[in-house]
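Asker: Structure in structure tokens, see below.
There are 2 protein chains.
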Amino acid sequence: MPVPTRERILDSSLAAFGLRGYDSTSLDDLASDLGITKQAILYHFSSKEHLLTATIELAVRELGSALAGAADPQARGFQRIEDLVRATFSLAARRPEVLGLVRLVTRQGGTASGELASAMSVMLGEAVRFVETEMVAGRFRRHDPRMLLLAVYSAVVGVATEPEVMRALGLEPDLRSLVKARRETIEFLRAALTAD
Amino acid sequence: MPVPTRERILDSSLAAFGLRGYDSTSLDDLASDLGITKQAILYHFSSKEHLLTATIELAVRELGSALAGAADPQARGFQRIEDLVRATFSLAARRPEVLGLVRLVTRQGGTASGELASAMSVMLGEAVRFVETEMVAGRFRRHDPRMLLLAVYSAVVGVATEPEVMRALGLEPDLRSLVKARRETIEFLRAALTAD
DNA sequence: ACATAGACTTACCATTTGGTAAGTTTTCTG
DNA sequence: CAGAAAACTTACCAAATGGTAAGTCTATGT
């Protein structure tokens with residue numbers, strides 16, 4: 001059975017908004033990519049802003065399921081961080097547009113970002129509690145958990161989504177380099193986090 | 001004496017492109033901010049793309065001087081990293097648009113990015129050599145220097161330029177939090193980098 | 001005094017953009 | 001099979017956008 005148009009539009013807009021940006025993507029661009037007319041998009045989503053909202057919702061779901069699938073609630077200590085970093089890199093390789101969109105929205109912070117912001121608040125809140133218990137248990141070094149997570153988040157998302165910086169460093173952003181970047185990032189975080 | 005119009009345009013476009021994005025900023029927006037007409041801009045810069053090129057050149061200069069002013073060639077070991085991180089945070093607080101533009105260009109990687117890419121290659125090349133010698137000297141833990149720098153760059157620029165993520169973590173992105181973020185980031189990097 | 005060049009503004013223009021209105025075709029349902 | 005709702009397309013439109021052409025004002029050098 002064919003993929004419903006509504007879903008095809010969302011897939012396409014997620015890719016376009018996430019990789020090229022919101023203002024840089026016109027409804028006509030999206031439509032011609034899909035082989036339909038702009039008005040077909042406006043039939044399913046009453047305005048471009050509504051389309052962005054729905055696209056963000058999709059990205060939140062994708063991000064949530066990618067991370068939820070990786071997080072083994074049993075895991076303790078650094079293993080759990082490693083699982084999450086691996087999942088993030090996997091997502092960055094498979095669907096770079098998802099992290100791209102997250103980043104776009106977290107930076108611009110427009111009206112439609114409320115949902116993503118709250119969804120991220122929940123995830124980050126859990127993460128903060130986890131990191132705190134690990135610190136109390138002596139498995140992680142003492143830092144401000146929120147600042148620590150900010151640094152970890154930035155390092156991982158940055159490494160996973162900045163191919164141009166990799167190029168500037170003389171690294172081709174192919175799969176092999178990405179695998180290597182993942183390994184090095186994990187070791188980097190391990191060194192920073194784990195108590196002696 | 002008054003600031004020449006050409007410089008005022010560049011200042012304004014650096015702020016606008018760096019904080020809001022290229023496509024999201026129209027020449028009319030820039031012009032009305034400056035109290036001139038769009039054609040005055042096109043008199044000094046023959047097209048919007050040329051304006052972007054000139055703006056990138058300005059950002060490269062600002063970034064270069066900010067970092068060059070901080071880098072004491074005598075400094076060894078972690079002190080030098082700390083100097084650079086402090087300079088980066090200072091720049092992020094004073095002129096967030098500079099890092100914003102760098103980030104914009106490194107992500108999109110359009111035609112105008114050649115100069116910034118090469119300028120960054122030079123800076124990063126020096127950094128790679130520095131990190132390598134520190135590793136050989138046993139002052140830094142052994143990592144792939146390029147991957148290490150990628151992680152450090154991502155962590156610092158991410159922390160310094162993602163106020164929305166700070167908000168999602170329940171931190172107001174004011175000056176005090178930024179100072180705290182700087183301190184924590186430095187400690188985080190110190191833990192990851194310095195050999196025992 | 002006067003031509004000249006620099007630094008603009010006013011007046012347009014073609015294209016693109018998000019969006020509306022009014023059909024037309026397809027699909028479901030009674 | 002009737003008809004109504006869903007899923008579109010064709011035809012527009014007003015505003016915004018990057019850019020051109022031509023005119024105006026002002027300083028400057030001769």
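Quick note, the sequences are listed as chains U and Y, same order.
Under my numbering, think of the first position of the first sequence as 1, with each following residue one higher.
Under my numbering, think of the first position of the second sequence as 1, with each following residue one higher.
We put the CB at the ideal spot given by N, CA and C, even for glycine.
Looking at Ala87 of chain Y: is its Cβ nearer than 7 angstroms to the Cβ of Ala66 of chain Y?
Answerer: Taking 7 angstroms as the Cβ cut-off, Ala87 of chain Y and Ala66 of chain Y qualify as a contacting pair.
Asker: Could you work out which residues of chain Y lie near Asp144 of chain U, taking near to mean beta carbons separated by less than 8 angstroms?
Answerer: The answer, in chain order, is Lys180 and Glu184.
Asker: Tell me whether Leu193 of chain U is buried or exposed, calling it buried when 16 or more other Cβ atoms sit within 10 Å of its Cβ.
Answerer: When all chains shown are included, Leu193 of chain U counts as buried.
Asker: Val60 of chain Y CB to nearest chain U CB: under 7 angstroms?
Answerer: Not closer than 7 angstroms to any Cβ of chain U, the Cβ of Val60 of chain Y fails to qualify, so no.
Asker: Express the C-alpha separation of Met166 of chain Y and Leu178 of chain U in angstroms, rounding to a whole number.
Answerer: Each residue's Cα considered, the two are about 27 angstroms apart.
Asker: Check each candidate in U:Leu63, U:Gly64 and U:Phe17 and name the one with the smallest Cα separation from Glu49 of chain U.
Answerer: The option with the nearest alpha carbon to Glu49 of chain U is U:Phe17.
Asker: Given that Phe188 of chain U touches chain Y, what residues does it touch there, using C-beta distances under 7 angstroms?
Answerer: Going along chain Y in sequence order, the residues near Phe188 of chain U (Cβ under 7 angstroms) are His143, Leu148, Ala151 and Ala192.
Asker: Do Met135 of chain Y and Arg146 of chain Y have their C-beta atoms closer together than 7 angstroms?
Answerer: No.
Asker: So is Leu63 of chain Y buried or exposed if we call it buried at 16+ other beta carbons inside 10 Å?
Answerer: Buried is the call here.
Asker: At a Cβ threshold of 7 angstroms, is Thr53 of chain U touching chain Y?
Answerer: No, because no Cβ of chain Y sits closer than 7 angstroms to the Cβ of Thr53 of chain U.
Asker: Whose Cβ in chain Y lies nearer than 9 angstroms to the Cβ of Gly170 of chain U?
Answerer: The contacting residues are Ser121, Leu124, Gly125, Val128 and Arg146.
Asker: Looking at the secondary structure, which residues open and close the alpha helix (DSSP H) in which Gln74 of chain Y lies?
Answerer: Premise fails: Gln74 of chain Y is in no alpha helix (DSSP H) and is neither H nor E.
Asker: Tell me whether Pro163 of chain Y is buried or exposed, calling it buried when 16 or more other Cβ atoms sit within 10 Å of its Cβ.
Answerer: Looking at its Cβ environment, which holds 16 or more other Cβ atoms inside 10 Å, Pro163 of chain Y is buried.
Asker: Examine chain Y for any beta-carbon lying closer than 7 angstroms to the beta-carbon of Glu164 of chain U, and answer yes or no.
Answerer: Yes - at least one Cβ of chain Y is within 7 angstroms of the one on Glu164 of chain U.
Asker: Tell me the residue span of the alpha helix (DSSP H) that contains Ala191 of chain Y.
Answerer: Start and end: Leu175 to Leu193.
Asker: Which runs of the beta strand (DSSP E) fall wholly inside the region 104-162 of chain U and span at least 3 residues, in chain order?
Answerer: The qualifying runs do not exist here; there are none.
Asker: Do Ser12 of chain U and Asp28 of chain U have their C-beta atoms closer together than 7 angstroms?
Answerer: No, they are not a contact pair.
Asker: Tell me the residue span of the alpha helix (DSSP H) that contains Arg20 of chain U.
Answerer: Where Arg20 of chain U is concerned, the enclosing alpha helix (DSSP H) stretches over Thr5 to Arg20.
Asker: Over the uninterrupted alpha helix (DSSP H) stretch that includes Ile41 of chain Y, give me the two end residues.
Answerer: Run containing Ile41 of chain Y: Lys38 to His44, per the alpha helix (DSSP H) assignment.
Asker: Going by beta carbon distance, what residues of the same chain come within less than 7 angstroms of Ala92 of chain Y, once the five residues before and after it are set aside?
Answerer: For Ala92 of chain Y, where only same-chain residues beyond five positions count, the Cβ hits under 7 angstroms are Leu99, Ala160 and Thr161.
Asker: Confirm, please, whether the CB-CB distance from Leu10 of chain U to Thr55 of chain U is below 7 angstroms.
Answerer: Yes.
Asker: Using a beta-carbon distance cut-off of less than 7 angstroms, what residues from the region 21-43 of chain Y approach chain U?
Answerer: So the list reads Gly21, Asp23 and Ser24, given in the order they occur along the chain.
Asker: Give the single residue among Y:Val3, Y:Leu19, Y:Glu7 and Y:Leu189 whose Cα lies nearest to the Cα of Arg103 of chain Y.
Answerer: Of Y:Val3, Y:Leu19, Y:Glu7 and Y:Leu189, the residue nearest in Cα terms is Y:Leu19.
Asker: Within 7 angstroms (strictly less), CB to CB, does Val85 of chain Y reach chain U?
Answerer: No, because no Cβ of chain U sits closer than 7 angstroms to the Cβ of Val85 of chain Y.
Asker: Express the C-alpha separation of Glu97 of chain U and Ala59 of chain U in angstroms, rounding to a whole number.
Answerer: Roughly 9 angstroms between the two C-alpha positions.
Asker: For Gly158 of chain U and chain Y, any beta-carbon pair shorter than 7 angstroms?
Answerer: Closer than 7 angstroms: yes.
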